[in-house]
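Visitor: Note that the sequence shown covers residues 42 to 247 in our numbering.
Let me begin by handing over the structure; questions about it come next.
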Amino acid sequence: MQVIKLTLLAICTTLVSARHLLTLKHRYNSGTDLLVNDLLRLDEAIKTITTAANGYTGGQEGYEAIRESFAEVNRTNRIAYRDAMTIMPQTIEESNQIISIVSDPIAPDITTAVDAVIAKKSLIDEAGFRQETADGLNLISYDHDTLSLVAVAPKLNPLTIPAAAVPVLRIDLDWRRGVAAFGGVPLAPLTKGGLQEASDQGGAEQ
């Protein structure tokens, strides 16, 4: 009897381990972890805008840090875009994990970054970088829109799209607010409703 119990325990343990390995393999193959890591790196890049803007005290030389922070956000955003185009359609659980990161920390960190840049508007204007700042924020806004609508939305489970639309709209409005503060005209269309259209299109292609 003891031998039978030990044998059953061993079988159960093996099945649990196998199921865990299959789950990990699915997550790896589906690309969830890849995109999550990309989004976390994107968030770190976004925070460099806040740091650069907070440290700006005026002048042309000091603006270089802001310029570099914009470039870093564009670079990491495009990496996330390329990777998102390669991932598999996500389950509800995987989709919610992605949405959770977009909701926090990314969305609030973008709000903070835009606020920090706007707070230095007078110094930026005085140094002659008003148009460059508007253009830089516009490019980031456009790239974010492309990442959200073209790359990520078609891969999310359609049932999670309403939840995804909330932080994405907040992010869009923040970048557009920054562009407008420096006299620019936003290039990217407002994504309200666009996520659902992108998701529907992605579902039709699958």
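For every residue, glycine included, the Cβ atom is placed at its ideal position computed from N, Cα and C.
Just so we're clear, the structure is a prediction, and the values are computed from it rather than from any experiment.
What residues in its chain sit with their C-beta under 6 Å from that of Asn95, if we drop five residues either side in the sequence?
Guide: Ala157
Visitor: Are the beta-carbon atoms belonging to Ala125 and Leu83 less than 8 Å from one another?
Guide: Leu83 sits away from Ala125, with the two beta carbons spaced by 8 Å or more.
Visitor: Could you check if Asn118 is buried or exposed, using at least 16 other CB atoms within 10 Å of its CB as the buried criterion?
Guide: buried
Visitor: What does the alpha-carbon distance come out to for the pair Ala168 and Asp215?
Guide: Ala168 and Asp215 have their C-alpha atoms spaced approximately 24 Å apart.
Visitor: Would you report the Cα separation of Ser144 and Tyr104, rounded to the nearest angstrom?
Guide: 29 Å
Visitor: Taking the alpha helix (DSSP H) that Ala194 belongs to, which residues open and close that run?
Guide: Careful: Ala194 lies outside any alpha helix (DSSP H) and carries neither H nor E.
Visitor: Report the residue from Gln131, Val114, Ala86 whose alpha carbon sits nearest the alpha carbon of Asn198.
Guide: The shortest C-alpha separation from Asn198 is found at Gln131.
Visitor: Would you kindly report the start and end of the unbroken alpha helix (DSSP H) that includes Tyr122?
Guide: 105 to 125
Visitor: Would you say the region 188 to 203 touches the region 149 to 164, given that touching needs at least three Cβ pairs under 8 Å?
Guide: No: fewer than three Cβ pairs fall under 8 Å.
Visitor: Any idea if Glu135 is buried or exposed, counting beta-carbon neighbours within 10 angstroms, 16 or more meaning buried?
Guide: The residue in question, Glu135, is buried, as its Cβ has 16 or more Cβ neighbours within 10 Å.
Visitor: Quick one, are the C-beta atoms of Ile107 and Ile151 less than 8 Å apart?
Guide: no
Visitor: Quick one: Cα of Gly177 to Cα of Thr91, how far?
Guide: The straight-line gap from Cα to Cα measures roughly 14 Å.
Visitor: Smallest Cα separation from Asp213: which of Asp79, Pro230, Phe170, Pro203?
Guide: Here the closest residue by C-alpha is Pro230.
Visitor: Rounded to whole angstroms, what's the CA-CA distance from Ser189 to Val209? Just pull it up for me.
Guide: Spanning the two alpha carbons is a distance of roughly 7 Å.
Visitor: Hey, would you say Asn137 sits closer than 8 Å to Leu180, going by beta carbons?
Guide: No.
Visitor: What is the DSSP secondary structure of Ala208, counted as helix, strand or coil?
Guide: The question names Ala, but residue 208 is Pro in the sequence shown. Pro208 falls in the helix class under three-state DSSP.
Visitor: What distance in whole Å lies between the Cβ atoms of Ile140 and Leu80, which are believed to be in contact at a cut-off of 8 Å?
Guide: The beta carbons of Leu80 and Ile140 sit about 10 Å from each other, so the pair does not count as a contact at 8 Å.
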